[in-house]
Amino acid sequence: MGRFVLEGQTARLTQAALETMAVIAYRQPVSRARVSAIRGVNVDSVVRTLVQRGLIEDSGTDPESGAILYRTTSYFLERMGIGSVAELPQLSPHLPGLEGIEEFFDAERM
0 MGRFVLEGQT
10 ARLTQAALET
20 MAVIAYRQPV
30 SRARVSAIRG
40 VNVDSVVRTL
50 VQRGLIEDSG
60 TDPESGAILY
70 RTTSYFLERM
80 GIGSVAELPQ
90 LSPHLPGLEG
100 IEEFFDAERM
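Numbering that gives the first Met the number 0 puts the last residue of the sequence shown at 109; the count rises by one with no breaks.
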């Protein structure tokens with residue numbers, strides 16, 4: 000994702016935007032609160048920026064919490080040069096699985 004640059008725009012995505020977009024791409028559909036929990040920081044302004052740039056979009060609401068869910072757009076796929084999110088690179092084997100991340104955060108809350 001680090002190589003991602005918007006064509007025709009001089010502004011590159013910040014590290015925070017790249018990290019947020021990666022979480023959304025791999026976890027979609029996902030709520031802003033879940034992205035914040037995974038990253039450990041508030042992502043409200045970053046999510047707004049990604050929506051404004053057309054890289055992510057509203058994907059409905061979570062039936063349990065009512066939170067807005069986000070997913071990547073076809074523009075995101077186009078800019079990444081892939082046809083679907085299934086073509087995203089696998090997460091490094093040195094990183095914990097997403098289940099491991101959730102277990103970590105659940106343990107931290109107790």
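Backbone N, C-alpha and C define an ideal beta-carbon position, used for all residues, glycine too.
Short Cβ contact (8 Å threshold) for residue i with residue j
i, j, result
"R31", "Y69", "yes"
"T19", "V29", "no"
"L90", "Y25", "yes"
Opposing strand residues paired with residue i [DSSP bridges]
i, result
"L68", "S30"
"E56", "R70"
Closest by C-alpha distance to residue i, when choosing among the options
i, options, result
"S73", "A36, L12, N41 and S58", "S58"
"I55", "L90, A21, T13 and R11", "A21"
"T48", "A85, T13 and V84", "T13"
"Q51", "G65, T71, A85 and S83", "T71"
Neighbourhood of residue i by C-beta distance below 7 Å, restricted to the same chain and skipping five residues each side
i, result
"P88", "none"
"V45", "A15, A16 and T19"
"N41", "S35"
"D61", "S30 and L68"
Neighbourhood of residue i by C-beta distance below 8 Å, restricted to the same chain and skipping five residues each side
i, result
"I81", "L87"
"G1", "Because G1 sits at a pLDDT of 49, beneath the cut-off of 50, its placement in the model cannot be relied upon, and the point is left open."
Neighbourhood of residue i by C-beta, 6 Å cutoff - its chain only, sequence neighbours within 5 removed
i, result
"V4", "In this prediction, V4 has a pLDDT of 47, which is less than 50 and means its spatial position is unreliable; nothing more can be read from the coordinates."
Chain D contact for residue i (CB, 8 Å cutoff)
i, result
"G82", "Here there is only one protein chain, and chain D is not present."
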